[in-house]
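In mature numbering (1 follows the signal peptide of the UniProt record, and there is no 0), the protein residues as written are -27 to -1, 1 to 315.
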């Protein structure tokens, strides 16, 4: 038991002495900056800055550094004697020309506009997808991603195949213009200037046509209506304008001769020569009225004793009596449709 305790104490003493030794050694060594310095023979020596390389290690505090050449770089403090080469961006693989490369950092090859990397390693570049007509880019392609297309809806359009074209809104016509043709998903609105003279011509033509129609309707009513009706023949006018069929007009010739002497005046009664068609349409009461009127005319002629006998002309089929005066010449009256009124 005592021997075991002695062994443990001996080991503890060794550990304590070793710790004290290493702590003294660490205190003796300088504290160097790991980013910009390195330790050599107990000293902290300087490294060469980024964009350079160390050509000689002869001097610790003032190293010999050389600038990197074209297409070379060094992105950290270093003690290396050479710089690193920049990657080669082959234009035949659709890589863009980087131009002047930095000597302090590694230059990354980028694809030309309209191309993206074919893989994560970006060994080569491939073209972006083209959006068809009526489709636009929802997200435009870049160096690492392809274009994503979507259909144009809701008053938008796309009239070109493109990898970066978006769906554009239909344009709104300015004041004084109107939409001649509405847009689609592949075309824009077509606007044209609204012509005031064109509008005036349309209005004037409409008014003229309306007035012409009113005049024609009135003329139709006057031509087809029955004359002599004091009430205006509204019903007849409407029926005539609606296409009511009327009997064709018939002509009646009435021959009136001038008497040569007083004896002929007494015996003369206006000879009304009617056609057989007129006689067929007259009633016995109308014939009796005509005869009585004829006698009245003859008596009036005797009382006046005028050389130009006057009286009333009763035309068969007419309801109104017309005064007339004989002349030396024979008169022949042509009366249209006996059923019409004066």
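By construction, the Cβ of each residue, glycine as well, lies at the ideal position given by its N, Cα and C atoms.
Looking at the secondary structure, which residues open and close the beta strand (DSSP E) in which residue i lies?
| i | result |
| --- | --- |
| residue 11 | 10 to 13 |
| residue 71 | Premise fails: residue 71 is in no beta strand (DSSP E) and is neither H nor E. |
| residue 59 | Unbroken run through residue 59: none, as it is neither H nor E. |
| residue 109 | 108 to 112 |
| residue 55 | Looking at the DSSP string, residue 55 is not in any beta strand (DSSP E), and its letter there is neither H nor E. |
| residue 39 | 37 to 40 |
| residue 318 | Nothing about residue 318 can be read from this structure; the chain reaches only from -27 to 315. |
| residue 16 | 16 to 19 |
| residue 5 | Looking at the DSSP string, residue 5 is not in any beta strand (DSSP E), and its letter there is neither H nor E. |
| residue 122 | 121 to 124 |
Take the Cβ of residue i as the centre, count every other Cβ of all protein chains shown within 10 Å, and call the residue buried at 16 or more, exposed below.
| i | result |
| --- | --- |
| residue 178 | exposed |
| residue 79 | exposed |
| residue 237 | Since pLDDT at residue 237 reaches only 41, below the 50 mark, its modelled position is unreliable, and the value read off the structure follows with that caveat. Exposed is the call here. |
| residue 29 | exposed |
| residue 217 | At residue 217 the pLDDT is 47, less than 50, meaning the model places this residue with poor confidence and gives no usable figure here. |
If you compare alpha carbons, which of the options is closest to residue i?
| i | options | result |
| --- | --- | --- |
| residue 40 | 57, 180 and 33 | 57 |
| residue 125 | 149, 16 and 159 | 159 |
| residue 15 | 26, 34 and 25 | 34 |
| residue 25 | 84, 103, 76 and 67 | 76 |
| residue 163 | 38, 145 and 191 | 145 |
Just grab the DSSP bridge partners of residue i for me.
| i | result |
| --- | --- |
| residue 142 | 129 |
| residue 166 | 150 |
| residue 99 | 89 |
Rounded to a whole number of angstroms, what is the C-alpha to C-alpha distance between residue i and residue j?
| i | j | result |
| --- | --- | --- |
| residue 156 | residue 147 | 16 Å |
| residue 23 | residue 74 | 14 Å |
| residue -12 | residue 7 | 30 Å |
| residue 116 | residue 49 | 27 Å |
| residue 44 | residue 139 | 39 Å |
| residue 101 | residue 137 | 9 Å |
| residue 109 | residue 129 | 10 Å |
| residue 142 | residue 154 | 15 Å |
| residue 134 | residue 98 | 21 Å |
| residue 189 | residue 175 | 21 Å |
| residue 66 | residue 60 | 14 Å |
| residue 103 | residue 47 | 40 Å |
| residue 68 | residue 62 | 6 Å |
| residue 186 | residue 131 | 50 Å |
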